[in-house]
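Novice: Dumping the structure here so I can ask a few things about it.
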Amino acid sequence: MTATLDKPQIRGKSKSAQMRKYGFFPGCVAKESCKELFNSTMLLADRLGIELVELTAASCCGASVLNDTNRDVARVLNARTYAQAEALGLDDVITICSTCTGHMRAANKELLEDEGRMAQANTILGKFNAKYDGSVTVRHLLWLLIDDIGLDELKKMVVNPLNGLKVAPFYGCHIIRPESVNGWESARNPHSLEDLIVALGGEAIDYAGKTRCCGFHVQLEKDGIAANMVGQNMRMAKDQGAEAVITPCPLCHLALDGYQADSVARWGRTDLPIFHLPQLVGLALGIDPATLGLNKHIIKPGLILEQHDLAPAHVA
Amino acid sequence: MAYTLDIFRYDQATDEVPHRDRVEITDLPDTVTVLDALEHAKAEIDGSISFRRSCRSAICGSCSMNINGTTGLACKTPVNAVLKADRSVQVDPMPNFQPMKDLVVHMDPFWDKYTRLKPYLQPADRDEDHATERRVSPEDMHKLVAVANCVMCATCYALCPVVSVDPAFAGPAAIAYAYRFIEDVRDSKRKERAAQISDDYLWLCAHCYACSYCPKHVDPHDDIIAVKRATIEEGLVDAPGPRHALVVAKTVKQTGMLHETEVIQGTVGRFNIRGLIKVAPFGLRLAMAGKIPPVFLKPVPKVDEIRTIFDTLEAPTL
């Protein structure tokens, strides 16, 4: 695994990193039902002193679903997005969703490794005078925090430490698997979220569910399926003592936050509040909790935040 | 240096509950495989330890088991790659199966799902006297090479989180085998096979890539996606799974975005009142938390470029 970690394409300081100015791909869910994720990301970027330039004309990444209908369409759509980043002089595209990360990276890998596919994409892009030169790297905000800001630096910026809040990491499949596409850390045993939780002053909970699937992508295919997958994972977290969960993926957030109520019959009450990555980082970095959209969750984190002296209960 | 095998022990004939045995290995280096260590333990220490094995070289697929909580072939896993801090290795039977004795499980559900596929070629003409060869071009055969490496070790089935909550799901290996016949130019039952695997909940695959840990690098996930495309090509679109894929495509083509509210309606069916009532509590919870996704979505700038991409590739939509 260490061999893949050293890939310059992933770890090297990009032009964007040097300028502290990145292409930003928020993804559909952060613009629709999880607007609090978009807002807290922008607040966090401001606090970190980085600029996220939203690619406003970008399309959906394909969300793993477009591949079910056509082998090429998601790849070419993503090539169009990368061309937009290149036109702005940005070689780093930052995502805030595990599914966007995985599928945009998969599309980029196919484009970069297969001349035929790159040519196919550029032929279509040529119809509207766009071109992708292959200079873009797609990374998640989580990777930016650790690689470009650094945990030591982040630790220095903490003004509101999490006071031992027991946080269970929930990675979301597509930020780690398949490892041939992501490869930034071990897919079987990742620890970036744990490292981050500890740097923010929290306690990281280890449990088998942290790398498992939330069920979001099959929530509508069969009754109760997502609720069961959510319940199974949250039960494991709760049994290990978790008080809250952090996830870098808004799809996981919707499923974990939304379906715990439906999983009680089989898995018992879990009631774990789910935080978006930038919400919890923002809280520790002293961003006004009232602005982080903590009240936009179904399972309210107010009580647990008050118990740990992190925010008054009424803001969440 | 010595190390310990922490072994799941259970006998369905005599035990009500399983227990664990810790077997210390002192005279075998930790550079051997987990299977070597188990065989050593069985030969030298406790002959009653049960596990399946045959080839010892990742060809037969017998020795799949849980090693430190994740599934893989014991014959392909070096002890020193998985030793915990206390120099132990925890071995358990594969999850998603009923244990029979120690590390041996009942494989029946896995084989049942395979048998249901009719896993043999069904050509259009039954050439009884084998007068001619059935030729396949290298290009057509190339598509089947990866899945031909499957040794049916069931690692993917054991790792599948959907199987763990819903045993009706065919699981990755069976769908990969469906792909193997659906994409074989000599076979004549493409539509029947696609319908069969759809009935076995093809569309319950959650796209989680847990099956990407395949010890033979079959990567069933790509095959699963290809089978989904085949079912759409065969016109098997009247179910939530294919409707979901096609309505997502439709909203991306129209707006550039995956339009959540329209996707939910399109997947469940706009006039499927019972279905809509079932998803209502989730929507209501979201709304009460102040999460109201837009009912109408303004297309992203230059959406005509996105439509050009769909049209050029003739990508299907609802």
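Going line by line, the protein sequences match chains E and W. Following the numbering used here, the numbering of the first sequence begins with 1 at its first residue and continues without gaps. Following the numbering used here, the numbering of the second sequence begins with 1 at its first residue and continues without gaps. Note that the Cβ used here is the ideal one computed from N, Cα and C, for glycine as well.
#1: Could you say which of ALA58/W, LEU83/W, ASP102/W, GLY171/W lies nearest to ILE7/W if we only look at CA atoms?
#2: Looking at the structure shown, is HIS19/W part of a helix, part of a strand, or coil, going by DSSP?
#3: When the Cα atoms are used, what is the spatial distance from VAL167/E to VAL245/E?
#4: In angstroms with no decimal places, state the Cα-to-Cα distance between VAL341/W and ALA121/E.
#5: For THR81/E, is the classification buried or exposed, using 16 other Cβ atoms within 10 angstroms of its Cβ as the cut-off for buried?
#6: Where does LEU55/E sit, in a helix, a strand or coil, going by DSSP?
#7: Determine, using beta carbons only, whether SER212/W comes closer than 9 Å to chain E.
#8: Taking the alpha carbon of ASP184/W as the reference point, which residue from ALA206/W, VAL227/W, LEU313/W has its own alpha carbon closest?
#9: Which first and last residues belong to the alpha helix (DSSP H) in which LEU277/E is found?
#10: Let me know if ILE306/W comes out buried or exposed under the rule of 16 or more other beta-carbons within 10 Å of its beta-carbon.
#11: Residue ranges of each alpha helix (DSSP H) run of no fewer than 4 residues wholly in the segment 147-191 of chain E, ordered along the chain?
#12: Quick one: which residues of the segment 59-78 of chain W get their C-beta closer than 8 Å to a C-beta of chain E? List them in chain order.
#13: In angstroms with no decimal places, state the Cα-to-Cα distance between LYS15/E and GLY69/W.
#14: For ALA311/E, return the contacting residues in chain W, with the cut-off set at a CB-CB distance below 9 Å.
#15: Could one say the Cβ of ARG139/E lies closer than 9 Å to chain W's Cβ atoms, at least one of them?
#16: Return yes when the Cβ of GLY61/W is within less than 9 Å of the Cβ of TYR213/W, no when it is not.
#17: What span of residues does the beta strand (DSSP E) with ASP92/E cover, start to end?
#18: Considering THR240/W, what are the terminal residues of the beta strand (DSSP E) in which it resides?
#19: Using a Cβ-Cβ cut-off of 7 Å (strictly less than) and excluding sequence neighbours within five positions of GLU24/W, which residues of its own chain qualify?
#20: Find the nearest neighbour of SER50/W within the set MET100/W, GLU16/W, PHE271/W, judged by alpha-carbon distance.
#21: Hey, out of HIS191/E, VAL138/E, ILE146/E, whose CA is closest to HIS103/E's CA?
#22: Going along the segment 282-303 of chain E in order, which residues come within less than 8 Å of chain W, judged by CB to CB distance?
#23: Assign LEU88/E to buried or exposed, taking buried as 16 or more other Cβ atoms, counted over all protein chains shown, within 10 Å of its Cβ.
#24: Comparing C-alpha positions only, which one of ILE197/E, THR247/E, ALA79/E sits nearest to LEU37/E?
#25: Going by the CB atoms, is the gap between LEU141/E and ILE94/E shorter than 9 Å?
#26: Among VAL281/E, HIS217/E, LEU251/E, GLY116/E, which residue has its Cα nearest to the Cα of PRO26/E?
#27: Use the C-beta contact count for GLY116/E: other C-beta atoms within 10 angstroms, 16 or more gives buried, fewer gives exposed.
#28: Could one say the Cβ of PHE97/W lies closer than 9 Å to chain E's Cβ atoms, at least one of them?
#29: List the residues that DSSP assigns as beta-bridge partners of GLU24/W.
#30: Go ahead and pull the three-state DSSP assignment for MET107/W.
#31: Can we say the segment 199-217 of chain E touches the segment 250-259 of chain W, given the rule of at least three CB pairs closer than 8 Å?
#32: So GLN232/E and VAL165/W are in contact, right, with Cβ under 8 Å, and what is the actual spacing, rounded?
#33: Is the Cβ of VAL53/E closer than 9 Å to any Cβ of chain W?
#34: Taking the alpha carbon of LEU121/W as the reference point, which residue from TRP111/W, ASP129/W, ARG134/W has its own alpha carbon closest?
#35: Within its chain, find whatever has a CB closer than 6 Å to the CB of THR319/W; leave out the 5 residues flanking it on each side and keep chain order.
#36: Closest to GLU192/W by C-alpha separation, out of LEU236/W, ASP223/W, PRO299/W, would be which residue?
Specialist: The answer reads as follows:
#1: Taking ILE7/W as reference, the option from ALA58/W, LEU83/W, ASP102/W, GLY171/W with the minimal CA-CA separation is ASP102/W.
#2: strand
#3: 5 Å
#4: The question about residue 341/W has no answer, for chain W in this structure spans 1 to 318.
#5: buried
#6: coil
#7: yes
#8: Of ALA206/W, VAL227/W, LEU313/W, the residue nearest in Cα terms is VAL227/W.
#9: 277-284
#10: ILE306/W comes out buried.
#11: 151-157
#12: GLY69, THR70
#13: 41 Å
#14: Per Cβ cutoff of 9 Å: no residues; ALA311/E is ~17 Å from chain W at best.
#15: ARG139/E does not count as touching chain W.
#16: no
#17: 92-95
#18: Looking at the sequence shown, residue 240/W is not Thr but Pro. Run containing PRO240/W: none in the beta strand (DSSP E); it sits in the alpha helix (DSSP H), 240-255.
#19: ALA2, THR4
#20: The shortest C-alpha separation from SER50/W is found at MET100/W.
#21: Of HIS191/E, VAL138/E, ILE146/E, the residue nearest in Cα terms is VAL138/E.
#22: ASN295, LYS296, HIS297, ILE298
#23: The C-beta of LEU88/E has fewer than 16 other C-beta atoms within 10 Å across all chains shown, which makes the residue exposed.
#24: Looking at the Cα atoms, THR247/E is the closest of the given residues.
#25: yes
#26: Considering only alpha carbons, the answer is LEU251/E.
#27: exposed
#28: no
#29: THR4/W
#30: Coil.
#31: no
#32: 6 Å
#33: no
#34: Ranked by Cα distance from LEU121/W, the first of TRP111/W, ASP129/W, ARG134/W is ARG134/W.
#35: What is shown of chain W runs 1 to 318, which leaves residue 319/W out entirely.
#36: LEU236/W
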